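Counting with the numbering used here, you get residues -17 to 344 for the letters of the sequence shown.
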Amino acid sequence: MGCIAISFNIAAIAAVIPVISKELGLVDFETSRVIPYYMVPYGFGALIYAPLTRFISYRTVMAGTMMLFAAMSFVCGFAQSLEIILAARVMMGIAAASAIPIGLMVIGELFEKQLRGRLVAGFFSSAFIASSVGIAVSGVIHWRWLFYIPGLFAAFLAIGFLLFGSEFLRCRHIGHINYLRLLQNLEARNVCILIFVLSFLYHGVANWYGIYLSRIYHLSQLTISGCFIVTALGGMFGQLMGGVITDRKGRLFACRTGVLILSAGTMLLAGTYPLMVLCLVLLLISTGWTVGHNGLSTTLTDFPDEDRPMVASMNSFVRFFSGGIGFSASAYFVERSFSATFFIIGVLMLMTSLFITKLIPR
């Protein structure tokens, strides 16, 4: 439920950047800062929650962060300037960072190894379902409701955690948290390197879709939202397919397969296509990303009990921090050429696939 709350508007905000820019009287590339202002604080916030759950129960942490997320969502919704939105997005990122680390910690602690791939798939599929709903409504409602709706949901969820949280969620994590010691572990360090590289490259493409579709294809907001729905559905399908592949063929096979599909789809963005073909390319990219994402995320749940909370938090930190700076770093290049930038990023993804065997633990 926490994953659903934080996922409702992640993709939808990227889709409506042209609309927000027009209402605030700004250039779309300037408004696009709402993305890294959320992602980078999210990354740093993720490091907080593994040590925090040693002293405060999972239930209390989730209730507090969901209430903060709700409050900042309403601030964004009522804001009349980009500066206020950016400040609130920072706090939203820090609050939202609790859901995924705690979710992975719970899956790793409660369930057997042979089930975790499908459980991780179900966990992240809920995010894609929420994202799909958010994208679907983004084409027909005012962009401010993309903040009001998850704000209301998160507020009710916070109350629900306090009143109805299960006995397990009332527990605290038992164990020491030492991120520096974790990074001395070669396997953990290699996985973090792979996550950093892939997230840096992927978010340098996917978070530009809204502006890309508006500037290159001159699509209406409703059509742009439709394209985003296709990517969300591809992501959900890829996550579920990745869960089956991960459990039956192994973590390494799922990661390699996903990255190869992702790189092929990204390189195809160098061309210009009819709308139906464009949607198929976007579908291919999101499917590849989530097949690989499932393999990597399930690998994290396989670490020993004493390391799993740190690995789960480090995963979110690396993924969102590198994604935020990858998006920011690509801004200079996409302003000059979307197609050339996307093709080069696709080639870099393909090169990364050559090193996956060395980076994924056996």
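Each residue gets a CB set at the ideal place from its N, CA and C atoms; glycine is no exception. As the structure is a computational prediction, the values presented were derived from the model and not from experiment.
Residue i and residue j look like a contact to me (Cβ under 8 Å); what is the Cβ gap, rounded to whole Å?
i    : j     : result
F302 : Y24   : 4 Å
I175 : L341  : 6 Å
A136 : A313  : Between A313 and A136 the Cβ distance is about 30 Å, and since that is not below 8 Å, they are no contact.
R233 : T281  : 5 Å
D229 : G99   : 4 Å
G225 : V329  : Actually they are not in contact, since the Cβ atoms of G225 and V329 sit about 29 Å apart, beyond 8 Å.
F143 : R41   : 5 Å
A109 : V293  : Going by Cβ atoms, the distance from A109 to V293 rounds to 19 Å, so no, they are not a contact pair.
A214 : A(-7) : 6 Å
L128 : I(-5) : 6 Å
V300 : I177  : 5 Å
L257 : S321  : The pair is not a contact, with the Cβ atoms about 17 Å apart (cut-off 8 Å).
G121 : Q203  : 6 Å
T248 : V187  : 6 Å
S107 : L222  : 6 Å
Buried or exposed for residue i, going by 16 or more other Cβ atoms inside 10 Å?
i     : result
H275  : buried
V(-2) : buried
Y96   : At residue 96 the sequence reads Gln, which differs from the Tyr that was named. Exposed, because fewer than 16 other Cβ atoms sit within 10 Å of the Cβ of Q96.
S319  : exposed
I198  : exposed
R163  : exposed
T339  : exposed
N(-9) : buried
T254  : exposed
D289  : buried
Q62   : exposed
V43   : buried
L92   : exposed
G7    : exposed
V9    : exposed
L168  : exposed
I382  : With the chain covering only -17 through 344, there is no way to say anything about residue 382.
I66   : exposed
F285  : buried
Q166  : exposed
F182  : buried
Identify, in the order they occur along the chain, each residue of the same chain with its Cβ nearer than 6 Å to the Cβ of residue i, setting aside the five sequence neighbours on each side.
i    : result
I17  : N189 and F309
G352 : What is shown of the chain runs -17 to 344, which leaves residue 352 out entirely.
V316 : W190 and T323
N172 : L341
W125 : V(-2), V1 and I2
M21  : F302, G305 and G306
S245 : G328, M331 and L332
L265 : V212 and G216
F105 : G85
C58  : I67, A70 and F129
D287 : none
S14  : I(-1)
H185 : G305, G308 and F309
Between which residues of its own chain and residue i is the CB-CB distance below 7 Å, once the five residues before and five after are set aside?
i      : result
Y19    : L68, R71 and V72
L195   : L201, I206 and C209
S(-11) : A109, A112 and S113
F219   : T269
A45    : A140, F143 and L144
T47    : A77 and S80
C(-15) : A81, I82, G85, F105, S108 and A109
For the alpha helix (DSSP H) that contains residue i, what are its first and last residues?
i      : result
E12    : D10 to T13
A61    : A61 -> no alpha helix (DSSP H), and no H or E assigned at all.
Y255   : Premise fails: Y255 is in no alpha helix (DSSP H) and is neither H nor E.
Q203   : Q203 to K231
V1     : I(-1) to L6
G(-16) : G(-16) to S(-11)
F143   : W127 to F146
The ligand ATP and residue i: does the residue's C-beta get closer than 7 Å to at least one heavy atom of that ligand?
i   : result
I66 : Absence of the ligand ATP is noted for the structure shown, with no ligands found whatsoever.
Leaving out the 5 sequence neighbours to the left and right, which residues in its chain are closer than 8 Å to residue i when beta-carbon positions are compared?
i    : result
S335 : R238, V241, L242 and S245
F11  : I193, A313 and E317
Y83  : The sequence given here places Pro at residue 83; Tyr does not occur at that position. So the list reads A28, Y31, A32, P291, A294, S295, N297 and S298, once near-sequence residues are dropped.
N160 : M292
Please give the ranges of any beta strand (DSSP E) in the stretch 308 to 344, keeping only runs that are unbroken, at least 3 residues long and fully inside the region.
none
Quick one: complete alpha helix (DSSP H) runs, 4+ long, within the stretch 155 to 204?
161 to 165, 168 to 188 and 191 to 197
Contiguous alpha helix (DSSP H) assignments of at least 4 residues, all confined to the stretch 26 to 114:
40 to 60, 64 to 78 and 81 to 92
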